[in-house]
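The sequence shown begins at 15 in my numbering and counts up one residue at a time. For each residue, glycine too, the CB sits at the ideal point set by N, CA and C.
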Amino acid sequence: MSHGSHLSDILAPRSRFYQGPFGRICPDLAPWHPEVPDLDAHLLQVSDQQMLELPGKTPGEIASDPALIAQLEGRFGSGTPAGYTYFGQFIDHDITFDPTSSLMRSNDPDRLLNFRTPRLDLDNVYGRGPADQPYLYDEESNHRKLLVGRVEGTALRDLPRNSQGRALIGDMRNDENSMVSQLQLAFLLAHNELVDRATAAGATDPFEAARRTLRWLYQYIVWYDFVARVTMDKIHSCALVLESLCGGRKGWTPGLRDVYQWKHDPFMP
């Protein structure tokens with residue numbers, strides 16, 4: 015019996031995006047086991063020295079002590095606003111998603127699949143598009159706009175939800191806390207505003223024009239703001255290089271191609 019590939023599998027067109035197992039930066043590294051006899055006591059000592067919420071003090075007690083706040087800010091201030099924690103979570107949901115059951119993850123963690131692209135293309139907002147997921151889109155706009163809901167009994171806008179309060183969005187993880195939920199809503203509203211602007215400008219395809227513009231804005235913010243804050247300057251400055259191309263054009267190219275190729279090494283972020 016042959017165990018080769020079917021001819022149809024060989025001839026079928028392949029996506030240019032990598033979709034496969036998550037990689038491991040150090041796959042052969044042995045698990046770390048702390049060599050501390052009394053680990054609990056050690057962790058308590060570390061937390062007493064390095065955690066903001068000091069043992070023996072509640073968050074309220076810390077907040078009411080200006081001298082203690084100043085002391086902690088001097089020790090732990092990173093210069094990065096707290097909101098970037100949730101923006102980073104939003105970005106992570108845009109580039110990684112694994113629908114494998116928890117049982118399979120436990121059985122074989124090396125076979126985890128990534129069903130997101132690394133292109134920062136906002137598929138956690140647009141889902142699989144209006145043709146495949148029409149319930150994410152507003153019928154009254156001919157599916158050009160994303161559906162937006164309202165907080166019941168108020169004029170406040172919210173994510174669209176079904177009768178049980180479940181958010182109807184491209185990635186359910188973006189409703190797991192109020193901060194990321196509001197970020198998701200901001201992107202929905204931004205897209206809809208861009209659709210209005212594209213329509214007013216006479217665009218032949220307002221939906222695609224809005225999606226392209228929002229992706230560009232998002233990618234610019236991720237690279238020039240978020241990534242610049244969380245990486246070393248010398249790494250950020252060489253990771254993307256503006257090079258001269260044929261025909262007098264210029265284009266951005268990866269500056270670390272000799273180290274990393276995302277199509278072949280999709281490491282867990």
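In the three-state reduction of the DSSP assignment, alanine 215 falls in the coil class, being assigned neither a helical nor a strand state. In the structure shown, the three-state DSSP call for tryptophan 266 is strand. Leucine 208 is positioned such that its CB atom lies closer than 8 Å to that of alanine 224. Cβ-Cβ distances below 6 Å link aspartate 185 to His107, Asn138 in the same chain, with the five nearest sequence neighbours on each side left out; the list follows chain order. Excluding the 5 residues flanking it on each side, tyrosine 140 has same chain C-beta neighbours closer than 7 Å at Gly184, Arg225, in chain order. About 5 Å separates the Cβ atoms of proline 220 and arginine 158, confirming a contact at the 8 Å cut-off. In the structure shown, the three-state DSSP call for aspartate 172 is strand. For leucine 161, the closest alpha carbon among the candidates Phe104, Pro144, Thr168 is that of Pro144.
Rounded to whole angstroms, leucine 182 and leucine 150 show a C-alpha spacing of 6 Å.
Put simply, of Ser61, Asp135, Ser78 the residue whose alpha carbon is nearest the alpha carbon of isoleucine 109 is Asp135.
Between the region 250-265 and the region 161-179 there are fewer than three C-beta pairs closer than 8 Å, too few to call the two in contact.
Between leucine 173 and serine 195 a beta carbon distance of about 6 Å is seen, short of the 8 Å cut, so the two are scored as contacting. DSSP links tyrosine 151 through a beta bridge to Leu160. For serine 92, same chain residues with a beta-carbon under 6 Å away, outside a window of 5 residues either side, do not exist.
Counting only residues of its own chain and dropping the five nearest sequence neighbours on each side, cysteine 252 has a CB closer than 6 Å to the CB of Gly269. The three-state reading of DSSP puts glutamate 207 in helix, counting H, G and I together. Beta-bridge partners assigned by DSSP to valine 255: Thr267. When secondary structure is reduced to three states using DSSP, alanine 96 falls in the coil class, being assigned neither helix nor strand.
Threonine 227: member of the alpha helix (DSSP H) spanning 220-235, first to last residue. Secondary structure note for glycine 74: its alpha helix (DSSP H) is the uninterrupted segment 73-77. DSSP, reduced to helix, strand and coil, places alanine 181 within a strand of the structure shown.
With respect to tyrosine 98, methionine 193 sits apart: the two C-beta atoms are not nearer than 8 Å. The straight-line gap separating the alpha-carbon atoms of valine 236 and glutamine 59 is approximately 37 Å. Taken through DSSP and simplified to helix, strand or coil, asparagine 191 comes out as coil. DSSP, read as helix, strand or coil, puts aspartate 146 in coil. Glycine 141 carries a coil assignment under DSSP once its states are collapsed to helix, strand and coil.
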